[in-house]
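K.L.:
Letter by letter, the sequence shown follows residues -20 to -1, 1 to 115 of mature numbering (1 follows the signal peptide of the UniProt record, and there is no 0).
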Amino acid sequence: MKWFKMILGMLLLVTISSVAQEGRLSVYVNQIGDYNSLFSNTNTTHDQSIYNQFGNYNSVDVSVKSNVVNQNVEQFGNGNSFENYSYNSFNRQEVEVMQKGNNIDIQVFGSNSMSEGMKILVTGNDKAVIVRNYN
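Here's what the structure looks like:
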């Protein structure tokens, strides 16, 4: 029973789904810690995404439909959450996110020309950022 608890405590959840007609798909995941989770569902012709999670109980939830997806998400600390939902297939979805601290929640909805190449850096504890991009 002791070994079962040890294995259960070290589980990592990673789900990646990418659909591309033609082009390049590259998704890199680096998780160090316990109970980190990643869900990435992209419908694109070009996906270059990097996800780094260092700590415990961090989560990433990405559901994007776009011509080009370039994401770099780094989470340092515990209990951080990043969510990105965009279904405008004519735009580029480019975002860099860095969370340094604990219990930082970042939510991004939609994409437009103003959010292209957006960079978000949040440091500290118990912070929340919501970004709404609509045409």
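Heads up, the beta-carbon is just placed ideally off N, CA and C, and yes, glycines get one too. All figures in this text were calculated on a predicted structure; none of them were measured in a lab.
When we look at the beta-carbon of D27 and count the other beta-carbons within 10 Å, is it buried (16 or more) or exposed?
P.N.:
Here residue 27 refers to the residue found at position 47 of the sequence shown. By the 10 Å Cβ count, D27 comes out buried.
K.L.:
Would you give the residue range spanned by the beta strand (DSSP E) that Y65 belongs to?
P.N.:
Taking the first residue of the sequence shown as position 1, residue 65 is located at position 85. Where Y65 is concerned, the enclosing beta strand (DSSP E) stretches over 61 to 66.
K.L.:
Under a three-way DSSP split, which group does T25 fall into?
P.N.:
Position 45 of the sequence shown holds residue 25. Coil.
K.L.:
Rounded to whole angstroms, what is the Cα-Cα separation between S20 and V77?
P.N.:
Against the sequence shown, residue 20 aligns to sequence position 40. Against the sequence shown, residue 77 aligns to sequence position 97. Answer to the nearest angstrom: the Cα atoms are 15 Å apart.
K.L.:
Consult DSSP for D14 and reduce its assignment to one of helix, strand or coil.
P.N.:
For the purposes of this step, residue 14 is identified with residue 34 of the sequence shown, where counting begins at 1. D14 falls in the coil class under three-state DSSP.
K.L.:
Who are the near neighbours of Y67 in its chain, counting only those whose CB is closer than 6 Å to its CB and skipping five residues on each side?
P.N.:
The count along the sequence shown starts at 1 and reaches residue 67 at position 87. K45, listed in sequence order.
K.L.:
Roughly how many angstroms separate the alpha carbons of I110 and V102, rounded to a whole number?
P.N.:
The residue you call residue 110 lines up with position 130 of the sequence shown. The residue you call residue 102 lines up with position 122 of the sequence shown. Distance between the alpha carbons of I110 and V102: 12 Å.
K.L.:
What is the rounded straight-line gap between the Cα of N71 and the Cα of G97?
P.N.:
Reading the sequence shown from its first residue, position 91 is the one you call residue 71. Reading the sequence shown from its first residue, position 117 is the one you call residue 97. If I take the Cα positions, the gap works out to 11 Å.
K.L.:
Alpha carbon to alpha carbon, what distance is there between V49 and T24?
P.N.:
Working through the sequence shown from its first residue, we reach residue 24 at position 44. Working through the sequence shown from its first residue, we reach residue 49 at position 69. Between T24 and V49, the C-alpha separation is close to 7 Å.
K.L.:
Under the assumption that M94 contacts N82 (Cβ atoms under 8 Å), give the Cβ distance between them as a whole number of angstroms.
P.N.:
What you label residue 94 is simply residue 114 of the sequence shown in a count that begins at 1. What you label residue 82 is simply residue 102 of the sequence shown in a count that begins at 1. Contact doesn't hold; Cβ gap of about 30 Å is too wide.
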